[in-house]
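Please read the structure below before turning to the comments.
Protein chains: 2
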Amino acid sequence: MTASRVLRDEGGFSEKTRVKVLAEVERLGYLPNRLATVFAGDKKSTFIGVSIPDLGNEVFTHVLEGIDRKLVSFNHQTVLGMTQHVLAEEESWVETVLSWQPAGLILTGRAHTPRALQLLAGAGVPLVEIWDLNSSPIDMCVGLNHFDSGYDMGRFLLSKGYQRFGYVGTSHDTANAATARLHGYAKAIEDGGGRLTKQLCLNDIPGFYPGYYGTEQLLSADPSVEVVFFQNDNMAVGAVQFCEAQKISIPGDLGIAGWGELPIASVLPYRLTTVQVNHLRIGQLAAEKLLLRINGDLLEPVSDVGFTLVAGDTV
Amino acid sequence: MTASRVLRDEGGFSEKTRVKVLAEVERLGYLPNRLATVFAGDKKSTFIGVSIPDLGNEVFTHVLEGIDRKLVSFNHQTVLGMTQHVLAEEESWVETVLSWQPAGLILTGRAHTPRALQLLAGAGVPLVEIWDLNSSPIDMCVGLNHFDSGYDMGRFLLSKGYQRFGYVGTSHDTANAATARLHGYAKAIEDGGGRLTKQLCLNDIPGFYPGYYGTEQLLSADPSVEVVFFQNDNMAVGAVQFCEAQKISIPGDLGIAGWGELPIASVLPYRLTTVQVNHLRIGQLAAEKLLLRINGDLLEPVSDVGFTLVAGDTV
DNA sequence: AAAATTTAAGTTACCGGTAACTTTTTTGAT
DNA sequence: ATCAAAAAAGTTACCGGTAACTTAAATTTT
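Which chain is which? The protein sequence lines are A and B, in order.
Start counting the first sequence at 0; every next residue gets the next number (numbering that gives the first Met the number 0).
Start counting the second sequence at 0; every next residue gets the next number (numbering that gives the first Met the number 0).
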């Protein structure tokens, strides 16, 4: 007991004892078993469960980095969950991670299985849903309106005079943010009298090469497309590379728009038409809100980090 | 006790009781507290601590993905540690994560603080050091010989007739793998009678833009450089973009070599001179070995995943 | 120097699951 | 129906840290 007091520096011991205890700790190479502390006090651990769809999609690596950097600085640990965009995976991960008594959770996306929702409600753990904005989150939410960002892009492209639109992404899931962007884009096109003539959902990760071969597929399926909106910048850059290889002039023959403003954009000889999003900020803000909530603070449940359309030279 | 038996399906209960227990579990939304199980049995948890330097460096995201995918499929959870290439950060993370009784650890790099080594030895937890090959690992090791890969690149560039060499990276740490590559490269140049006229270590992450402005800095500091070896492909691609913007012909005016074969390479109109490394495989293999060891198997301590030099068109 | 007060150190019980053991109930054999 | 064996259910104790409490030692006050 006295040793416990010394190690937690909570007073009630003499200097002589302190020295003796610390010497013994040193000698034994003693490390406290934190499980016992959490277990005993019916407290929470310092684990924060963080689920993201996958690391192949670069946008999420930036989000994760923002989260972890913030968490570490407040002595919390990230327990990673890669759900592969599959809600059932998320559900089983939620169950596992809750059984470890986490201090809080960060989940990507607003869609969850009924059982996951039930588990989360039962656990009553502080929770931030990130990425997609959700006006009535389970607990808190940090993200942006993906539908609106797609809509704005659609309207912008219409204003440039395009009539025949294409889309290439990798999402199958109806419940995810990229699909919301596609829906916003489609709605804008419909509202503006254009036609979304071809949309492609590849079974792949949204990276450079899928952008390359996705463009090939799209154009061979419908050569009349005038402009294509991609799931993210890396795909759009892949598309630009395909066009250059095929001597398709941009934006003369084909317009190209990305999403997310990823690092590659900073070294291109052209300015990519895209939507700027501060991925790192989403992660940091989510972690910040979670830590404040764990600390007992009451917070605005929803934070909209917004987005900025970048006109660029590729349309 | 009977409920515990039912939930673990270890027999010694009647069908009638099983149904009753499961119904009650359902009704209460009961979730076992796994901390108690681990704590009670003096067993290990299903946590695997995974430390990587940072997520801004794309190579590590692939390694991490490989690790987590494998771990998840064997019901283990990744507890992330981002050490920012700082050994003191790794040390404090090791201490924290060990106090949570992990089933195993994966650490990036072979250099650790004395105290970290002592903690690891004391804990006796299965451990894989990844990335840099280490003939006498603490426990196990999965990686490749970075020095050799740098040496081979240097020799290859010499064979192309280059005399004045440059290097651009972002590492300050003498103990990391990128530095080992630089040393190998420098050694090859020395052995072959060339001159490493300029080497640059930027205070940044090894991404596209640092490759861009790093090349600018390098060339303005020493315009006589004939070929530059970059810390990774993303930096090399940034360099190519800089050269194109400046009308510096590749490989006519300047040779460029990358390392790691990152995804961007697949969509470029040229074949980048680089070193191919299977990042995902390193992660998967490390996780695999760790899980086998946790399972009690005795394994070959060191796994060399090797590398392949890709000649490319940029030198 | 004795009593009152403060400080230091020690005891007990608990968190939740489960190993090891004991008791109760059921099943089957004679 | 009686007893033995097997199956099911229940009890106890423990893991390691710490809250809450008690006891002991040191310090201060009268």
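Don't be surprised by glycine CBs; every beta carbon is placed ideally from N, CA and C.
Between the alpha carbons of Arg163/B and Leu97/B lies a distance of about 48 Å. Closer than 8 Å to the CB of Tyr184/A there is not a single CB belonging to chain B. The Cβ of Ala220/A sits no closer than 8 Å to any Cβ of chain B.
His145/B is positioned such that its CB atom lies closer than 8 Å to that of Ala176/B. Counting C-beta pairs with one atom in each stretch, the segment 63-82 of chain B and the segment 71-81 of chain A have three or more that are closer than 8 Å, which means they touch. According to DSSP, residue pairing for Thr273/B in a beta bridge involves Val309/B. Interface with chain B (8 Å Cβ-Cβ cutoff): Asn231/A is excluded. Among the residues of the segment 113-124 of chain A, those with a Cβ less than 9 Å away from any Cβ of chain B are Gln117, Leu118, Ala120, Gly121, Ala122, in the order of the chain. The beta carbon of Tyr208/A sits closer than 7 Å to those of Gly237, all from its chain and outside the five residues before and after it, given in chain order.
For Ser219/B, no beta strand (DSSP E) encloses it; the enclosing alpha helix (DSSP H) starts and ends at 207-220.
Within the segment 23-41 of chain B, Gly28, Leu30, Pro31, Asn32, Arg33, Leu34, Ala35, Val37, Phe38 place their CB atoms closer than 7 Å to a CB of chain A, listed in sequence order. About 7 Å separates the CB atoms of Ile263/A and Ile263/B; that is less than 8 Å, so the two are in contact. Within the segment 197-215 of chain B, the residues whose Cβ lies closer than 8 Å to any Cβ of chain A are, in chain order, Gly206, Phe207, Tyr208, Gly210, Tyr211. Residue state for Gln230/B is assigned as coil, using DSSP reduced to three classes. Distance from Ser148/B to Arg180/B at the Cβ level is roughly 6 Å; contact confirmed, criterion being Cβ atoms closer than 8 Å.
Unbroken alpha helix (DSSP H) stretches of 4 residues or longer found wholly inside the segment 55-108 of chain B: 57-72, 86-97, given in chain order. Sequence-distant partners of Thr60/B (beyond 5 residues in either direction) whose C-beta falls short of 7 Å from its own C-beta, in its chain, are Leu54. Counted as a single uninterrupted DSSP element, the stretch harbouring Gln162/A is not any alpha helix (DSSP H), since DSSP gives it neither H nor E. Among the residues of chain B, those whose CB is under 8 Å from the CB of Arg68/A are Met81, following chain order.
The three-state secondary structure of Ala110/B, taken from DSSP, is coil. In this structure, the straight-line span from the alpha carbon of Arg4/A to that of Phe12/A is close to 7 Å.
Cα atoms of Leu27/A and Gly295/B: separation of roughly 26 Å, rounded to the nearest angstrom.
If only complete runs of 3 or more residues are kept, the segment 149-203 of chain A shows the beta strand (DSSP E) at 163-168, 194-200, in order along the chain.
For Thr313/A, not one C-beta of chain B is nearer than 8 Å to its own C-beta. For Ala285/B, the number of other beta carbons within 10 angstroms of its own is at least 16, and it is reported as buried.
A straight-line Cα-Cα distance of about 21 Å links Asp312/A and Asn277/A. Looking at the DSSP output, Val141/B shares a beta bridge with Ile129/B, Ser302/B. In the three-state scheme derived from DSSP, where H, G and I count as helix and E and B as strand, Phe46/B is classed as strand. Following the DSSP letters along the chain, one finds Gly40/B inside the alpha helix (DSSP H) bounded by residues 33-40. Nearest CB-CB separation between Ser98/B and chain A: below the 8 Å threshold. With a cutoff of 8 Å on beta-carbon distance, Leu104/A and Ile47/A are scored as near each other. Within the segment 155-168 of chain A, no residue has a Cβ lying closer than 8 Å to any Cβ of chain B. The Cβ of Gly257/B sits no closer than 8 Å to any Cβ of chain A.
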